[in-house]
Every structure is written in C-alpha cells, then in structure tokens.
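Colleague: A single structure is presented below for examination.
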Amino acid sequence: DTEVTQTPKHLVMGMTNKKSLKCEQHMGHRAMYWYKQKAKKPPELMFVYSYEKLSINESVPSRFSPECPNSSLLNLHLHALQPEDSALYLCASSQDRGFAWAFFGQGTRLTVV
Amino acid sequence: GNSVTQMEGPVTLSEEAFLTINCTYTATGYPSLFWYVQYPGEGLQLLLKATKADDKGSNKGFEATYRKETTSFHLEKGSVQVSDSAVYFCALFLKTSYDKVIFGPGTSLSVIP
Numbered sequence: 009d010t011e012v013t014q015t016p017k018h019l020v021m022g023m024t025n026k027k028s029l030k031c032e033q034h035m036g037h038r039a040m041y042w043y044k045q046k047a048k049k050p051p052e053l054m055f056v057y058s059y060e061k062l063s064i065n066e067s068v069p070s071r072f073s074p075e076c077p078n079s080s081l082l083n084l085h086l087h088a089l090q091p092e093d094s095a096l097y098l099c100a101s102s103q104d105r106g107f108a109w110a111f112f113g114q115g116t117r118l119t120v121v
Numbered sequence: 780g781n782s783v784t785q786m787e788g789p790v791t792l793s794e795e796a797f798l799t800i801n802c803t804y805t806a807t808g809y810p811s812l813f814w815y816v817q818y819p820g821e822g823l824q825l826l827l828k829a830t831k832a833d834d835k836g837s838n839k840g841f842e843a844t845y846r847k848e849t850t851s852f853h854l855e856k857g858s859v860q861v862s863d864s865a866v867y868f869c870a871l872f873l874k875t876s877y878d879k880v881i882f883g884p885g886t887s888l889s890v891i892p
C-alpha cells in the first residue's frame, strides 16, 4: 500500500464553521506533512510531524490546528477561516524526516464562503 | 539563498513531440533534485529523482540528469502523449533545510492530439 488517503476530497465551509481534514497512510512512514497549494502555484509547507510530534510550524495562523493522533493519521482542524484560505490542502508522508521523496495524497479542495 | 528556477510555460506540444523543461537551481550545499508531476485535479506524484552529480533519474519515459557544473536538472521525454498533460515541478532538498523541499514555480504542459 503506497497511498496517502485524504478526506474529504472537496469541502465548502462558512467563515464561522469548524471542520477537519483527515489524512491516513499505512506505509509505516514516521514523518507527515501538511501543504497548502493555491492555483497555479507550488505547494507551501505548513506543518511537519515527526514521530507524532510537531517539528515544524511555518508560521501558520492559529485558525489552522494540526493534530497527529497516531503514526498513521494526521488531521488539520479548521476554524474561523477566511476566503483567502481557499486552496488545495495536500497531505504527504515520508519514511523519516529529511527524506524529500514524499508520497502525496490527492488533496482536499477547500472553499471558504 | 536556495532556489529553483524553471520555465513557467504554458508549454503546448503536439503528440509525439520532444519535450524539454528547463530547471536550474541555486543551493548552498549539495542538494538532491526531484521532478514532481501534478495531473489535473490531483495531488503531486514523485516522477524522478537524483541525489548526486551525474546521476540520471528516469521514469515513464522521462529523464533528467543532475548537472553540477551547470546547476541544472532539465526534464526530457522523447515522445509526449496527451496523458502527459500536467504541471511539472522541479524541486530541491538540502539536508541543512531538513524537511523543507524547495519547489520551482511549476511548468504547465498541454499535449494536443
């Protein structure tokens, strides 16, 4: 199984809503990542978890809250988002920190209205 | 600083044409180099990689050679297909930057029958 599975594929939420994005991998990878990708742009790193501990937070606003409940799961909790937060949110995993050849999920297309 | 430059396109080619997408990098160190591909509506997939000078990465008919003397990692394919239509990202990874992969801006490729 060489897949990273993200749910939901599409999400529309209001600015007062609370929602969560989910990511799952069963490759035994110990590093997991959240990226944000705007249209026609490369992905931008948001968070890195290594061995279930947050190791990098790229100065992301607090309305985005990551969580790593176990080595296979990664969540991104969303609250009070702004329309400019609309983007494709990509989850990725790699064998360990320092490995760039990560596997990416299909992404969640988020629209904030 | 560390950066990746690539032709932004869009690039439009006829089926069976030869493809070159140029990629050059600036790095304070000895990076690993990657090409990722993003098909419409999907996440990123690692296409190929090279970790040291003169290494050639290859996959699905695509090739790229790590050229340290010209700091380049150009992507080539001898005969493109309509199914190759996608956005291609050149990227570098330095151990000193640890988890942070530096992506180029992406090159959009359209292959027409």
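Chains A and B supply the protein sequences, listed in that same order. Last residue of the first sequence: 121 (my numbering), numbering continuous. Last residue of the second sequence: 892 (my numbering), numbering continuous. From the three backbone atoms N, C-alpha and C, an ideal C-beta is built for every residue, glycine too.
#1: With a threshold of 6 Å on Cβ separation, who are the neighbours of asparagine 83(A) within its own chain once the five nearest residues in sequence on each side are excluded?
#2: If you measure from the beta carbon of phenylalanine 72(A) to each beta carbon in chain B, is any gap under 8 Å?
#3: Beta-carbon separation of tyrosine 815(B) and phenylalanine 872(B) under 8 Å?
#4: Skipping 5 residues on each side, what residues in its chain have a beta carbon closer than 7 Å to that of glycine 883(B)?
#5: Taking the DSSP output, what are the residues bridged to arginine 846(B)?
#6: From the beta carbon of glutamate 842(B), is the nearest beta carbon of chain A less than 8 Å away?
#7: Does DSSP classify glutamate 6(A) as helix, strand or coil?
#8: Any chance the segment 843 to 858 of chain B sits against the segment 90 to 106 of chain A, with 3 or more Cβ pairs inside 8 Å?
#9: Ordered along the chain, which non-local residues of its own chain (more than five positions away) have a Cβ less than 6 Å from that of lysine 905(B)?
#10: In or out: lysine 856(B) buried (at least 16 other Cβ within 10 Å) or exposed?
#11: Rounded to whole angstroms, what's the CA-CA distance from asparagine 838(B) to tryptophan 109(A)? Just pull it up for me.
Modeller: Working from what's here:
#1: Counting only residues of its own chain and dropping the five nearest sequence neighbours on each side, asparagine 83(A) has a CB closer than 6 Å to the CB of Ser28, Lys30 and Glu75.
#2: no
#3: Contact: no.
#4: Only Val783, Thr784, Gln785, Cys802, Phe868, Cys869 and Ala870 meet the Cβ criterion.
#5: Ser851(B)
#6: Using a CB distance cut-off of 8 Å, glutamate 842(B) does not count as an interface residue toward chain A.
#7: Because chain A here runs from 9 to 121, residue 6(A) falls outside it and cannot be looked at.
#8: no
#9: The structure shown does not extend to residue 905(B), since chain B is modelled only from 780 to 892, so the question has no answer here.
#10: buried
#11: 14 Å
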